[in-house]
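To start, the structure itself, in structure tokens.
2 protein chains.
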Amino acid sequence: MENAFINLDARARTLLRTLIESYIRDGQPVGSRTLARTSGLSVSAATVRNVMADLEDMGLIQAPHTSAGRIPTPAGYRLFVDSLLEVRNPSPEEIRAIQSGFDPNASTQDLMDTTSNLLSRVTRMAGMVRLPRHRNVALSQIEFLRLGEGRILAILVIDGKEVQNRVLELERDFGQDELQRMANYLNAHLAGKSLHAVRAELLREMRDVRDDLDAMMLAAIDLGEQAVGDEDPDDVVVAGQTHLLGYEELADMERLRQLLEAFNEKQEILGILDQCIRSDRVQIFIGRESGLDWFENCSVVTAPYSVDGEVVGVLGVIGPTRMSYDRVIPIVDVTARLLGSALGDHPANDPK
Amino acid sequence: MENAFINLDARARTLLRTLIESYIRDGQPVGSRTLARTSGLSVSAATVRNVMADLEDMGLIQAPHTSAGRIPTPAGYRLFVDSLLEVRNPSPEEIRAIQSGFDPNASTQDLMDTTSNLLSRVTRMAGMVRLPRHRNVALSQIEFLRLGEGRILAILVIDGKEVQNRVLELERDFGQDELQRMANYLNAHLAGKSLHAVRAELLREMRDVRDDLDAMMLAAIDLGEQAVGDEDPDDVVVAGQTHLLGYEELADMERLRQLLEAFNEKQEILGILDQCIRSDRVQIFIGRESGLDWFENCSVVTAPYSVDGEVVGVLGVIGPTRMSYDRVIPIVDVTARLLGSALGDHPANDPK
DNA sequence: CCAGGCACTCGACCGAGTGGAGCGCTGACG
DNA sequence: CGTCAGCGCTCCACTCGGTCGAGTGCCTGG
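Taken in sequence, the protein lines are chains C and R. Read in the working numbering, the first sequence has 313 at position 313, and its numbers run on one by one without any break. In the working numbering, each residue carries its 1-based index in the second sequence increased by 1000.
This is how it looks when you write it as structure tokens:
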């Protein structure tokens, strides 16, 4: 794979680049004559043919049939995005269009929704946003409400704006006043700390002071532990799937069905995004690279976004492999940055 | 319209019925010869041709082009479902399959999800469920939580299992203890009453005793009013949209895009369902009857479902106009009944 | 009113023919 | 040795004519 890159001289690379750019623009196989004209090199079509034959041998391009032009293979796209692509910086008005979509006062959920909408609208493909992990956001408050015998509603307020409910089923029954005191205790000890820290503290406390604590406090910690317990289910927001119906290279109904199904199930989308969370910059999957059949002819462009220097999630778009990477990549990139900074402005910390 | 029905003699009706049944089965225009053979009548093809010409004049069937067979028009379908159709009762195992999907202990949300899934799986079309109106479910509890300056989280517990949050932005700031007393007051007065009644009561109380009530109580009522205020946003659950990609009569990409878009927006779906909530039995929209362009070649079959004798919502399916109404109608019907009875079992009332 | 028959009309299908795009190969040239 | 013009070939897309079959409309005789 890598030596394919080594073996290519400047001319071959130029030709490959123009071929792919041309194919991305027009969606039609590119022949030697056109390529010779548009490449900017002063070589004849025949020479181009020779080079194209080499490129085909290396598996970077292919002919759909004898004597049609050539189209890029996945490997060709790979090489293209890795080392041939020059990304256009997004135009100022594009940046402004994206930026104006962010309302830093919105709740996290709303922010996710508008972001994925934004992505899909600007790129005319499907946008997706992996919900941020809540590990290190501050727990503002915790309350308990007695619903019925042994059924307790735990309410966690996070970051001063997010609210989470969790219904707990318990062995023992608690009165509302008991619950109130537990909540007071927990709030006094834990408010302002990160969920992560809260969890650790609850566990430690349970171990250390088990004997000293009276039953109620123990129960309180137990409750808190349960409430904070399993982090909110991994989730992802998608939008604009329907844009994908417009691309004729995805016109195969059965494939399309699987694709949309994947958006509904979200499970596989999640898998793809999670593969990208490690990287610290824009990342691209092309076609079957992710190992999924229905992903043929599709590519995904992702970028992680971070708050206070720590990566908390990923966002990206899914579209046909034949997409304008030079336009999409910077869009995904700046969107990730803007989302990160929008998330960074906690209204709880604002003096507002 | 109605006299079309009057004008049809038994023979014409039989022919129309067999024609539509045949078209629904095979999806292909049916000609006079086939129709003469399969109708069961002992008439010649030529006679059938005469009748078909009449039916075409009445706008019930049409020929896609000269000398192809005939296919039903929307008006033909209408007449068919209204007065020609004999519904098959669903097979016992179909009933059982549907019934086994209902878990009466599930939350309302889960119930909606599984129901629409069920509908889409059994019919292989798109299933949808209009969330039940909460007008007359009992308010179990109301609590307030102070989030920050002037920002209050209201928590409503309904029916002992549903929880709703609402963040209220207020002019004045309240302390947590004030809020507590308000909640106590409201709970004492209102718990167990229906949301509808609560609303009415709050309004009446505000008018009658405005002067006597001290500021806090007024504020409490105001809070409750705001919290109960706008009923939970009308919503609808859909599932299995992707099944629609399989029908080649819906293969037009642009239409399909609009259709799926409608499922995402939900607004128009909602409009259609709301038109059906008045009826007390299965109702059918065919093609453009709902006045929506993208609905061409689509039909929707709905049925309202009721709890304790009162209609609280609608469910149904959307599929191609060319669907097996005789199979779909009873499925939608029994699903509505089963959902109604599943909702009727409030766990709050259960001794469990 | 019904049925048989006839002429006619389309659409689907097939096969041949054609034009054009594009390739591979070869041989000449600097 | 790299480059390039030219030739022959392949394959696709498109068109055109012809045939076939399904199906209709209409007319006429029972």
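The beta-carbon is built from N, C-alpha and C at its ideal position, and this holds for glycine as well.
Compare the Cα-Cα distances from residue i to each of the options and report the closest residue.
| i | options | result |
| --- | --- | --- |
| R/Arg1151 | R/Val1167, R/Gln1141, R/Glu1162 and R/Val1157 | R/Val1167 |
| R/Leu1343 | R/Val1048, R/Ile1286 and R/Asp1103 | R/Asp1103 |
| R/Leu1019 | R/Met1052, R/Ala1010 and R/Met1058 | R/Met1052 |
| C/Ile24 | C/Asn117, C/Ser324 and C/Thr335 | C/Ser324 |
| C/Tyr185 | C/Asn165, C/Glu171, C/Glu162 and C/Phe144 | C/Phe144 |
| R/Gly1069 | R/Val1332, R/Ile1286, R/Ser1022 and R/Met1112 | R/Ser1022 |
| R/Glu1149 | R/Leu1156, R/Phe1174 and R/Met1125 | R/Phe1174 |
| C/Asp274 | C/Ser44, C/Arg255 and C/Val301 | C/Val301 |
| R/Glu1249 | R/Gly1040, R/Ile1071, R/Val1087 and R/Ala1012 | R/Ile1071 |
| R/Asn1187 | R/Leu1156, R/Asn1165 and R/Arg1172 | R/Leu1156 |
| R/Asp1009 | R/Met1125, R/Asp1308, R/Pro1092 and R/Asp1054 | R/Asp1054 |
| R/Val1163 | R/Ile1331, R/Thr1108, R/Thr1335 and R/Val1312 | R/Thr1108 |
| R/Val1332 | R/Asp1308, R/Pro1064, R/Lys1193 and R/Arg1281 | R/Arg1281 |
| R/Arg1049 | R/Ser1042, R/Gly1040, R/Ser1032 and R/Ala1075 | R/Ser1032 |
| R/Lys1266 | R/Ser1044, R/Pro1092, R/Leu1131 and R/Ala1336 | R/Leu1131 |
| C/Leu190 | C/Gly76, C/Leu139, C/Glu310 and C/Ala239 | C/Leu139 |
| R/Asp1113 | C/Ile269, C/Asn264, C/Asn117 and C/Gly291 | C/Asn264 |
| R/Met1128 | R/Arg1337, R/Arg1013, R/Asp1235 and R/Thr1014 | R/Asp1235 |
| R/Ile1269 | R/Ser1290, R/Leu1338 and R/Arg1011 | R/Ser1290 |
| C/Arg96 | C/Glu296, C/Val122 and C/Glu169 | C/Val122 |
In whole angstroms, what separates the C-alpha of residue i from that of residue j?
| i | j | result |
| --- | --- | --- |
| R/Gly1271 | R/Glu1261 | 15 Å |
| R/Gly1319 | R/Ser1120 | 10 Å |
| R/Leu1016 | R/Phe1080 | 8 Å |
| R/Cys1298 | R/Ser1083 | 20 Å |
| R/Gln1099 | R/Arg1146 | 44 Å |
| C/Leu60 | C/Gln28 | 16 Å |
| R/Ala1251 | R/Arg1322 | 13 Å |
| R/Arg1327 | R/Pro1090 | 7 Å |
| C/Glu56 | C/Leu244 | 29 Å |
| R/Ile1142 | C/Leu153 | 12 Å |
| R/Asn1165 | C/Ala183 | 19 Å |
| C/Gly246 | C/Ala303 | 24 Å |
| R/Arg1037 | R/Leu1111 | 47 Å |
| R/Cys1276 | R/Val1312 | 12 Å |
| C/Glu86 | C/Val317 | 19 Å |
| R/Val1334 | R/Val1238 | 18 Å |
| R/Val1307 | R/Gly1340 | 5 Å |
| R/Thr1073 | C/Met253 | 26 Å |
| C/Glu201 | C/Met125 | 44 Å |
| R/Thr1066 | R/Val1030 | 13 Å |
| C/Ser42 | C/Pro64 | 27 Å |
| R/Ala1106 | R/Val1314 | 19 Å |
| C/Leu354 | C/Arg78 | Given that chain C is displayed from residue 1 to residue 352, the structure contains no residue 354 of chain C and the question cannot be resolved. |
| C/Arg204 | C/Lys193 | 15 Å |
| C/Gly309 | C/Arg278 | 14 Å |
| R/Pro1367 | R/Gln1241 | The question about residue 1367 of chain R has no answer here: the residues shown for chain R are numbered 1001 through 1352. |
| C/Thr34 | C/Ser44 | 10 Å |
| R/Met1058 | R/Ala1075 | 9 Å |
| R/Glu1171 | C/Glu296 | 56 Å |
For residue i, list the residues DSSP reports as bridge partners.
| i | result |
| --- | --- |
| C/Leu250 | Partner(s): none; C/Leu250 has no beta bridge. |
| R/Tyr1305 | R/Gly1313 |
| R/Asn1165 | R/Ile1155 |
| C/Met128 | C/Val238 and C/Gly316 |
| R/Ser1107 | BP columns for R/Ser1107 are empty, so no partner. |
| C/Pro72 | C/Ile61 |
| R/Cys1353 | The displayed coordinates of chain R run from 1001 to 1352. Any statement about residue 1353 of chain R would go beyond what the structure contains. |
| R/Phe1144 | R/Ala1154 |
| C/Val30 | C/Arg70 |
| R/Leu1139 | R/Ile1158 |
Task: Contact between the region 197-206 of chain C and the region 172-182 of chain C (3+ Cβ pairs under 8 Å) - done: no
Task: Contact set between the region 1178-1199 of chain R and chain C, restricted to residues whose Cβ is under 8 Å from the partner - done: none
TODO: Give a yes or no on contact between the region 1278-1289 of chain R and the region 1252-1259 of chain R, applying the rule of three or more CB pairs nearer than 8 Å.
DONE: With the cut-off at 8 Å, the region 1278-1289 of chain R and the region 1252-1259 of chain R do not touch.
TODO: Scan the region 112-139 of chain C for residues whose Cβ lies nearer than 8 Å to a Cβ of chain R and list them as they occur along the chain.
DONE: Residues passing the 8 Å Cβ filter: none.
- [ ] Could you list the residues in the region 1145-1176 of chain R with a C-beta less than 7 Å from some C-beta on chain C, going in chain order?
- [x] Leu1145, Leu1147, Gly1148, Leu1153, Ile1155, Val1157, Gly1160, Val1163 and Asn1165
Task: Selection of the region 1023-1052 of chain R by Cβ proximity to chain C, strictly under 8 Å - done: none
Task: Residues within the region 264-288 of chain C neighbouring chain R, beta-carbon criterion of under 8 Å - done: Asn264
- [ ] Taking only beta carbons into account, state which residues of the region 86-110 of chain C come closer than 7 Å to chain R, listed in chain order.
- [x] none
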